[in-house]
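Asker: Sharing a structure here in structure tokens format.
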Amino acid sequence: MRRSTAPALLVGILALLVLVWTLAPVAWMVVSSFKPTPAIKTASPTWLFEPTLEHYRDLIGAGNDVRPFAKNSLLAAGLSTALAVGLGALGGYGLAHWHHKSKKHLAFWIISTRMAPIAAVILPLFILFRQLGLIDSIAGLTLAYLSFNLPFAIWLMSAFFADVPPSLEEAARVDGCSRWQAFWYVVLPTTTPGLVTTGVLCLVFSWNDYAFASSFSGPGSQTLPMAAGRLITQGGVDWGQLTALGTIIVLPMIFAGLAVRRWLVTGLTMGAVTGE
Amino acid sequence: MKRAIPSFEMRMMLPALLVLASLSLIPFVTLIVMSFSHVKLMGGIRFENAALENWHHLLEDADVRSSWGTSLLYFGLTLGIEMALGIVFALILHRVVRGRNLLLALAIVPMFMAPIVVGLLGRFLTDSTLGLYAWALRILGFEGDLLAGKTSALLTVIAMDVWEWTPLVALVTFAGLSAVPAPLVEAAAVDGAGYFQTLRYIVFPQIRRVLLVALLVRAMDAIRFFDIITITTNGGPADATKIIPVRLYETAFRFRELGYASVIGILMLAFSILMAHAFVRVLGEKGLTR
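Note that the protein sequences, when read in sequence, are chains A and B.
First residue of the first sequence? That's 1 in my numbering, and the numbers climb one at a time after it.
First residue of the second sequence? That's 1001 in my numbering, and the numbers climb one at a time after it.
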């Protein structure tokens, strides 16, 4: 949209306002995490201070050690992502190429499980997990995360597979590949961006989860968001540690998300907007 | 099935479908059974037949009705503001010539943040004794605790969700804007159309479907989540922010009425299935289900 009349200055100012609106809270959190406690607890904001790492040190210290929480987060989110990407790639390929009159219904059922409200899913899963002894286990959390990651992965991967030119697979078949070989050696490698995007988004979704973790985890399986929730107590909040922990939780996912930025629109709308 | 051996496509889908079925159909049936039972958790799980008691309870429960009201208000305001702001953001960013990619990358940072951290950060910023935003509001003449007043608490939790998810709408709209053919816009300019006329008659009709997809993606997530409210107000003050998922959670895990909570859950599920239906119908024209 090239427009000679564009008031560039106005656009610049508006763009700056958008950035302040989105970035100010994040920036304030990161800055506060380096402030000494007295500099945080002031009625009017402190702009100048001596930076300190004390809050980060407190998070590794004895009382509030977050390392076990981090380990649980990594395990549950990582396992769930790996399973979702693996099963989702197979399922997505199948869905993209399956031509049958009930395909519509199958696709709808898959997406409807993704859209199910978390609160309504937690109830029966809580009962089932209690029966199966999966409460307070990494396996339970992994499965819970899979309940929203898997349908997402199937749909998204199917959008990526639908974009692979059929001639590619046909050529491989002519050269003597079995269907599985054509999929594994030819089709799958061309969807590497799809695999990475699916993986990153599944990782972000499960890493950020609080609802499932707070319902199913116990002393042995609490995740980082749980650790953040625990820092809010009746006796008041240690904002220094909280901003530090918030920074630790948030930064890796921001970088992961930005790394797949090119495919984000496809990813977050599950392929709905591509080919527009 | 006409053939005895399932097709290659079916065999590829089978593992995923089996896992998904066990993660969704079994819980779904359990949820239905729970809704007709009194669920006892002490000393092993027991379901006692409650016939229609839970469902009957629903009819006379004014609290749940008011929670649905709050939910719809929350839903409408959140989606409305996110769509409007997101479109404005996209239009602004789209007009920026230099550094547009960097700008776009910075503008979408909030959506990767854990909602719980967004909620805690919101509490930090609006804390009446030390919050940055509370301080700014004091300068503008607003005293007091945002999360303590009924109206202001609802608006504050909405603002947090809006902050986190407006970038998604902006990003999708931006992609739509980039796909509008430039000659079309130039032709309108040649014909003497002003900026807003061009938007109204040329650009918006072109990106209508993209906007609808953005709206539906946000809608399905807005009914799913409740982390931000749980960590900020937990439904208070005086139920002002008690949207239906928060009510459900409280009914189940604080009052231990899991059977009745299931009834609330089934209604939520029905609502979200309607939403999913709309989503798939929009895509059906041209999209995944092609």
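Just so you know, even glycine gets a beta-carbon here, dropped at the ideal spot from N, CA and C.
Contact defined as beta carbons within less than 8 angstroms: I believe B:Val1263 pairs with B:Ser1035. What is the distance between those atoms, to the nearest angstrom?
Answerer: Along the second sequence, read from residue 1 onward, the residue named residue 1263 of chain B stands at position 263. Along the second sequence, read from residue 1 onward, the residue named residue 1035 of chain B stands at position 35. So it is a contact: roughly 5 angstroms between Cβ atoms.
Asker: Would you verify that the beta carbon of A:Met1 is, or is not, closer than 9 angstroms to some beta carbon of chain B?
Answerer: Mapped onto the first sequence, residue 1 of chain A falls at position 1. Confidence at A:Met1 is low in this model, with a pLDDT of 49, below 50, so the placement of that residue should be treated as unreliable; the coordinate-derived value is given next. For A:Met1, the answer is yes, since a Cβ of chain B falls inside 9 angstroms of its Cβ.
Asker: Answer yes or no: do A:Gly91 and B:Pro1015 have a C-beta to C-beta separation smaller than 9 angstroms?
Answerer: Taking the first residue of the first sequence as 1, we reach residue 91 of chain A at position 91. Taking the first residue of the second sequence as 1, we reach residue 1015 of chain B at position 15. Contact: yes.
Asker: Would you kindly work out how many angstroms separate the C-alpha atoms of B:Gly1265 and B:Phe1142, rounded to a whole number?
Answerer: The residue labelled residue 1265 of chain B in the question sits at position 265 within the second sequence. The residue labelled residue 1142 of chain B in the question sits at position 142 within the second sequence. Each residue's alpha carbon lies about 39 angstroms from the other.
Asker: Under 9 angstroms between the Cβ atoms of B:Leu1216 and B:Ala1278?
Answerer: Your numbering for residue 1216 of chain B matches position 216 in the second sequence. Your numbering for residue 1278 of chain B matches position 278 in the second sequence. Their beta carbons are under 9 angstroms apart, which means B:Leu1216 touches B:Ala1278 by this criterion.
Asker: What separation, rounded to the nearest whole angstrom, lies between the Cα atoms of A:Leu83 and B:Phe1253?
Answerer: Within the first sequence, residue 83 of chain A is the residue found at index 83, counting from 1. Within the second sequence, residue 1253 of chain B is the residue found at index 253, counting from 1. The alpha-carbon atoms of A:Leu83 and B:Phe1253 are separated by roughly 30 angstroms.
Asker: So what does DSSP say about A:Leu258, is it helix, strand or coil?
Answerer: Translated into positions along the first sequence, residue 258 of chain A becomes position 258. If DSSP states are grouped into helix, strand and coil, A:Leu258 belongs with the helices.
Asker: Contact defined as beta carbons within less than 8 angstroms: I believe A:Pro117 pairs with B:Arg1065. What is the distance between those atoms, to the nearest angstrom?
Answerer: The sequence position of residue 117 of chain A within the first sequence is 117, counting from 1. The sequence position of residue 1065 of chain B within the second sequence is 65, counting from 1. So it is not a contact: roughly 18 angstroms between Cβ atoms.
Asker: Leaving out five residues on either side along the sequence, give the residues of the same chain with a beta carbon under 8 angstroms from the beta carbon of A:Met253.
Answerer: For the purposes of this step, residue 253 of chain A is identified with residue 253 of the first sequence, where counting begins at 1. Result list for A:Met253: Leu203, Val204, Trp207, Asn208, in chain order.
Asker: Of all the CB atoms in chain A, is at least one closer than 9 angstroms to the CB of B:Ser1152?
Answerer: As a working note, residue 1152 of chain B is residue 152 in the second sequence. It does not; no Cβ of chain A falls within 9 angstroms.
Asker: What did DSSP end up calling A:Thr191 once you bin it into helix, strand or coil?
Answerer: Position 191 of the first sequence, counting from 1, holds the residue named residue 191 of chain A. Of the three classes helix, strand and coil, the one that applies to A:Thr191 here is coil, per DSSP.
Asker: In whole angstroms, what is the alpha-carbon distance linking A:Pro51 and B:Leu1104?
Answerer: As a working note, residue 51 of chain A is residue 51 in the first sequence. As a working note, residue 1104 of chain B is residue 104 in the second sequence. Roughly 30 angstroms between the two C-alpha positions.
Asker: Can you tell me which residues form a DSSP beta bridge with B:Ser1037?
Answerer: As a first step, residue 1037 of chain B must be located in the second sequence, where it is residue number 37. According to DSSP, B:Ser1037 bridges with B:Asn1049.
Asker: Taking Cβ positions, are A:Ala259 and A:Val200 nearer each other than 9 angstroms?
Answerer: Your numbering for residue 259 of chain A matches position 259 in the first sequence. Your numbering for residue 200 of chain A matches position 200 in the first sequence. In this structure, A:Val200 lies closer than 9 angstroms to A:Ala259 by Cβ.
Asker: Do A:Val194 and A:Ala159 have their C-beta atoms closer together than 9 angstroms?
Answerer: Counting from one through the first sequence, the residue named residue 194 of chain A turns up at place 194. Counting from one through the first sequence, the residue named residue 159 of chain A turns up at place 159. The residue you asked about is not Val; residue 194 of chain A is Gly in the sequence shown. Yes, these two residues count as a Cβ contact at 9 angstroms.
Asker: DSSP three-state label for A:Val66, please.
Answerer: In the first sequence, counting from the first residue as 1, residue 66 of chain A sits at position 66. Coil.
Asker: Identify the contact partners of A:His55 in chain B, using a Cβ-Cβ distance below 8 angstroms as the criterion.
Answerer: Within the first sequence, numbered from 1, the residue matching residue 55 of chain A stands at position 55. Going along chain B, no residue has its Cβ under 8 angstroms from A:His55, so there is no contact; the nearest lies around 13 angstroms.
Asker: Pair every Cβ in the region 167-183 of chain A with every Cβ in the region 126-138 of chain A, then say whether three or more of these pairs are closer than 8 angstroms.
Answerer: no
Asker: If you draw a straight line from the C-alpha of A:Ser147 to the C-alpha of A:Arg114, how long is it?
Answerer: Here residue 147 of chain A is taken as the residue at index 147 of the first sequence, counted from 1. Here residue 114 of chain A is taken as the residue at index 114 of the first sequence, counted from 1. If you take the alpha carbons of A:Ser147 and A:Arg114, they lie about 7 angstroms apart.
Asker: Determine, using beta-carbon pairs with one atom in the region 1038-1047 of chain B and one in the region 1219-1237 of chain B, whether at least three such pairs fall under 8 angstroms.
Answerer: no
Asker: Kindly list the residues whose CB is nearer than 6 angstroms to the CB of B:Leu1077, restricted to its own chain and excluding five residues on each side of it in sequence; keep chain order.
Answerer: If you number the second sequence from 1, residue 1077 of chain B lands on position 77. Closer than 6 angstroms at Cβ, skipping near neighbours: Ile1158.
Asker: Do the region 1147-1156 of chain B and the region 1232-1246 of chain B meet, that is, are 3 or more Cβ pairs less than 8 angstroms apart?
Answerer: A contact exists between the region 1147-1156 of chain B and the region 1232-1246 of chain B.
Asker: On the DSSP bridge list, what partners appear for A:Val237?
Answerer: Taking the first residue of the first sequence as position 1, residue 237 of chain A is located at position 237. According to DSSP, A:Val237 bridges with A:Ile232.
Asker: Here's the rule: buried if 16 or more other CB atoms are within 10 angstroms of the residue's CB, otherwise exposed. What is B:Ile1173?
Answerer: Taking the second sequence and counting its residues from 1, the one referred to as residue 1173 of chain B is at position 173. What sits at residue 1173 of chain B in the sequence shown is Thr, not Ile. When all chains shown are included, B:Thr1173 counts as buried.
Asker: Going by alpha carbons, who is nearest to A:Phe212 out of A:Thr269, A:Gly63, A:Pro38, A:Ala139?
Answerer: The residue labelled residue 212 of chain A in the question sits at position 212 within the first sequence. Taking only the C-alpha atoms, the option nearest A:Phe212 is A:Ala139.
Asker: In whole angstroms, what is the alpha-carbon distance linking A:Asn149 and B:Arg1138?
Answerer: Indexing the first sequence from 1 puts residue 149 of chain A at position 149. Indexing the second sequence from 1 puts residue 1138 of chain B at position 138. Between A:Asn149 and B:Arg1138, the C-alpha separation is close to 43 angstroms.
Asker: Please report whether the beta-carbon of A:Pro117 lies at a distance below 9 angstroms from any beta-carbon of chain B.
Answerer: The sequence position of residue 117 of chain A within the first sequence is 117, counting from 1. Cβ-Cβ to chain B under 9 angstroms: yes for A:Pro117.
Asker: Tell me whether B:Ala1238 sits in a helix, a strand or coil according to DSSP, three-state version.
Answerer: Within the second sequence, numbered from 1, the residue matching residue 1238 of chain B stands at position 238. DSSP places B:Ala1238 in coil when its eight states are reduced to three.
Asker: Need the endpoints of the alpha helix (DSSP H) that A:Pro219 sits in, please.
Answerer: In the first sequence, counting from the first residue as 1, residue 219 of chain A sits at position 219. No alpha helix (DSSP H) contains A:Pro219, which DSSP labels as neither H nor E.
Asker: So, helix, strand or coil for A:Ala76, using DSSP?
Answerer: Mapped onto the first sequence, residue 76 of chain A falls at position 76. DSSP places A:Ala76 in helix when its eight states are reduced to three.
Asker: First and last residue of the alpha helix (DSSP H) that includes A:Pro36?
Answerer: Numbered from its first residue, the first sequence carries residue 36 of chain A at position 36. Run containing A:Pro36: none; DSSP gives neither H nor E here.
Asker: For a cutoff of 9 angstroms on Cβ pairs, would you count B:Ala1261 as touching chain A?
Answerer: Start at 1 with the first residue of the second sequence, and residue 1261 of chain B comes out as number 261. With its beta carbon less than 9 angstroms from one in chain A, B:Ala1261 belongs to the interface.
Asker: Given A:Ile60, which residues of its chain have a CB within under 8 angstroms of its CB, disregarding the five upstream and five downstream residues?
Answerer: Against the first sequence, residue 60 of chain A aligns to sequence position 60. Excluding sequence neighbours, A:Ile60 sits near Val66, Arg67.
Asker: The region 1122-1150 of chain B: which residues have C-beta closer than 7 angstroms to a C-beta of chain A, in chain order?
Answerer: Phe1124, Leu1125, Thr1129, Leu1130, Leu1132, Trp1135
Asker: Take A:Leu79 and list the residues in its own chain whose beta-carbon comes closer than 8 angstroms to its own, dropping the five residues that flank it on each side.
Answerer: Mapped onto the first sequence, residue 79 of chain A falls at position 79. Contacts found: Ile138, Thr142.
Asker: Check whether chain B comes within 9 angstroms of A:Val66, counting only Cβ atoms and requiring the distance to be less than that.
Answerer: The residue given as residue 66 of chain A occupies position 66 in the first sequence. By this cut-off, A:Val66 is not an interface position.
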